[in-house]
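Heads up, the thing below is written out as structure tokens.
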Amino acid sequence: MLDGPNELHLVEKPVPVPKRAEVLVRIDAVAICATDLEIIEMGTPALIEGGPPFHKNFTPGHEYMGTVAALGPGVDEYRVGERVTVEIHAGCGQCKRCRQGMYTSCHNYGLNYGNVDKGHRANGFTTDGGFAEYAINNINTLSRVPDDMSDEEATLVVTAGTSMYGLTEVGGLVAGESVVVTGPGPIGLLAVAVAKALGASPVILSGTRDARLDIGRKLGADRVVNIKKESLVSVVKEMTGRGADYVIECAGTETAINEATQMTNRGGKICLAAFPHEPVLADIGALVKNNIYVYGIRGEGKSATRRAMALMAAKRFDATLIHTHTFPLAELPTALDYARNRTDDAIKVVVKMHGSEMRSRKESTR
Ligand SMILES: [Zn+2]
Ligand SMILES: [Zn+2]
Numbered sequence: 008m009l010d011g012p013n014e015l016h017l018v019e020k021p022v023p024v025p026k027r028a029e030v031l032v033r034i035d036a037v038a039i040c041a042t043d044l045e046i047i048e049m050g051t052p053a054l055i056e057g058g059p060p061f062h063k064n065f066t067p068g069h070e071y072m073g074t075v076a077a078l079g080p081g082v083d084e085y086r087v088g089e090r091v092t093v094e095i096h097a098g099c100g101q102c103k104r105c106r107q108g109m110y111t112s113c114h115n116y117g118l119n120y121g122n123v124d125k126g127h128r129a130n131g132f133t134t135d136g137g138f139a140e141y142a143i144n145n146i147n148t149l150s151r152v153p154d155d156m157s158d159e160e161a162t163l164v165v166t167a168g169t170s171m172y173g174l175t176e177v178g179g180l181v182a183g184e185s186v187v188v189t190g191p192g193p194i195g196l197l198a199v200a201v202a203k204a205l206g207a208s209p210v211i212l213s214g215t216r217d218a219r220l221d222i223g224r225k226l227g228a229d230r231v232v233n234i235k236k237e238s239l240v241s242v243v244k245e246m247t248g249r250g251a252d253y254v255i256e257c258a259g260t261e262t263a264i265n266e267a268t269q270m271t272n273r274g275g276k277i278c279l280a281a282f283p284h285e286p287v288l289a290d291i292g293a294l295v296k297n298n299i300y301v302y303g304i305r306g307e308g309k310s311a312t313r314r315a316m317a318l319m320a321a322k323r324f325d326a327t328l329i330h331t332h333t334f335p336l337a338e339l340p341t342a343l344d345y346a347r348n349r350t351d352d353a354i355k356v357v358v359k360m361h362g363s364e365m366r367s368r369k370e371s372t373r
């Protein structure tokens, strides 16, 4: 439970009861996301009872998987005992955006309490999340986990789903189109993997850490650019001629956003997938003159998580390359520190709920 900023306490809560179209999930594993760290420290973008999430008995955590433990009334889509992984957002189902299928942009975001309960859930943001033994999930947020997929890998499906949503928004099937991904965080690295699996060519990844760029190469990047050593814009122009068809911006810096503008071809598309912390000065004129489309994305919409799961179940890429560390629940604070400080080159840190696994760095990468 999140008390004040950076104050997590282990407390007992009643096991929640699923309502119509919901199931109870016994959580088996949960990955830590940079957004969890932001929520725990700053509050946003979590929204509880119309305000910051502090001192409200709120449990963060949103990248989890587990086992169906109970069914709400009328649920016959899942059975107790099935392994599932989750996406975050379950829209209200009745607002304009939900009716358009844009449930991650639900107009009733955060209105899930008291007298104005609109049925919206975003677990770990507006409703209790996954640093817990149990959670409630709408059936629309579930994907079945194949028997041969590990708990750890299944927690990464929502991250791949976010990358998939970015590509869905800018272009859907991208076979033969050029894609640049800026920023080798978890979403950027899996954006490389998803773009490659969808046939994009070439796929170019930029960043500042060679170790992460190497993982990007293993996930399918045709070219990686360490921006401390090379000009990304020059490399992209050289490889594509007129510039990239799509840029997936996962760095969130002013430089990266302006370089995205410079290296996108006329009529191309830019997806903004990172949250810059300050207002950004951008060359809007260049966007207009070149008819460049810019898309902000929130979360893993349009059921992208299920499409990401389809690729991962078919082993089209190995998402576990970004999983670096595992900790038991009792060591959640240490796990959060590893993710926050990138200790020991941590990328995705996973917390396992059951068993007594000792903390470990992943032995090898496949
Ligand atoms: Zn996340
Ligand atoms: Zn809605």
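The numbering used here puts the first residue of the sequence shown at 8, with every later residue one more than the last.
Quick reminder that beta carbons are idealized off the backbone N, C-alpha and C, glycines included.
Keep in mind it's a predicted model, so treat the numbers as computed, not measured.
- With respect to Pro209, Ser185 sits close: the two C-beta atoms are nearer than 7 Å.
- Residue selection by CB proximity (closer than 5 Å to any heavy atom of ligand 2) returns Gly98, Cys99, Cys102, Cys105, Cys113, Asn115 in chain order.
- Taking the CA atoms as reference points, Ser241 sits about 12 Å from Ala267.
- When secondary structure is reduced to three states using DSSP, Ile143 falls in the strand class.
- Membership of Lys125 in any beta strand (DSSP E) is not indicated, and neither H nor E is assigned to it by DSSP.
- Of the heavy atoms belonging to ligand 1, none sits nearer than 6 Å to the Cβ of Glu307.
- Under the three-state reduction of DSSP, Ala129 is assigned to strand.
- Cys105 sits in a helix when the DSSP states are folded into three classes.
- Here Tyr253 carries a strand assignment [DSSP, helix/strand/coil].
- Closest option to Gly274, judged by alpha-carbon separation, among Met72, Leu220, Asp252: Asp252.
- Between Val24 and Tyr141, the gap from beta carbon to beta carbon reaches 7 Å or more.
- Taking a cut-off of 8 Å on C-beta distances, the stretch 154-172 touches the stretch 306-315, as three or more cross pairs fall below it.
- When beta bridges are read from the DSSP output, Gly58 appears opposite Ile55.
- As the crow flies, the alpha-carbon of Gly50 is around 20 Å from that of Ile304.
- Taking 6 Å as the cut-off, one finds at least one heavy atom of ligand 1 near enough to the beta carbon of Cys40.
- In this structure, the alpha-carbon of Thr262 lies about 20 Å from that of Arg249.
- Look at the stretch 226-314 and you find these whole runs of beta strand (DSSP E), each 3 residues long or longer: 230-233, 251-256, 271-279, 300-303.
- With a threshold of 16 other beta carbon atoms within 10 Å, Gly58 falls short and is exposed.
- The residue among Ala28, Ala346, Asp351 with its C-alpha nearest the C-alpha of Thr42 is Ala346.
- If you check the C-beta of Glu159 against ligand 1, you find no heavy atom less than 6 Å away.
- Residues of the same chain with a CB within less than 8 Å of the CB of Asp344, apart from the 5 flanking positions on each side, are Thr350 in chain order.
- In terms of side-chain proximity, the C-beta atom of Glu176 is found no nearer than 6 Å to any non-hydrogen atom of ligand 1.
- Annotation for Glu70 indicates a beta carbon within 6 Å of some heavy atom of ligand 1.
- For Met72, the enclosing beta strand (DSSP E) stretches over residues 70-78.
- Residue pairing from DSSP places His330 in a beta bridge opposite Lys355.
- In the DSSP secondary-structure assignment, Glu94 is not bridged to any residue.
- Asp35 is positioned such that its CB atom lies closer than 7 Å to that of Met360.
- Straight across, the Cα-Cα distance linking Ser112 with Val295 is about 25 Å.
- In the DSSP annotation of this structure, the continuous segment of the beta strand (DSSP E) that includes Ile211 starts and ends at 210-214.
- Residue burial annotation: Pro80 is exposed, with fewer than 16 other C-beta atoms found within 10 angstroms of its C-beta.
- One alpha carbon belongs to Ala204, the other to Val32, and they sit about 30 Å apart.
- Shown here, Pro335 sits in a strand according to DSSP, grouped into three states.
- The beta carbon of Gly306 is closer than 6 Å to those of Ile95, His96, Thr111 in its chain, skipping five residues each way along the sequence.
- Per the DSSP secondary-structure output, Phe65 pairs in a beta bridge with Leu9.
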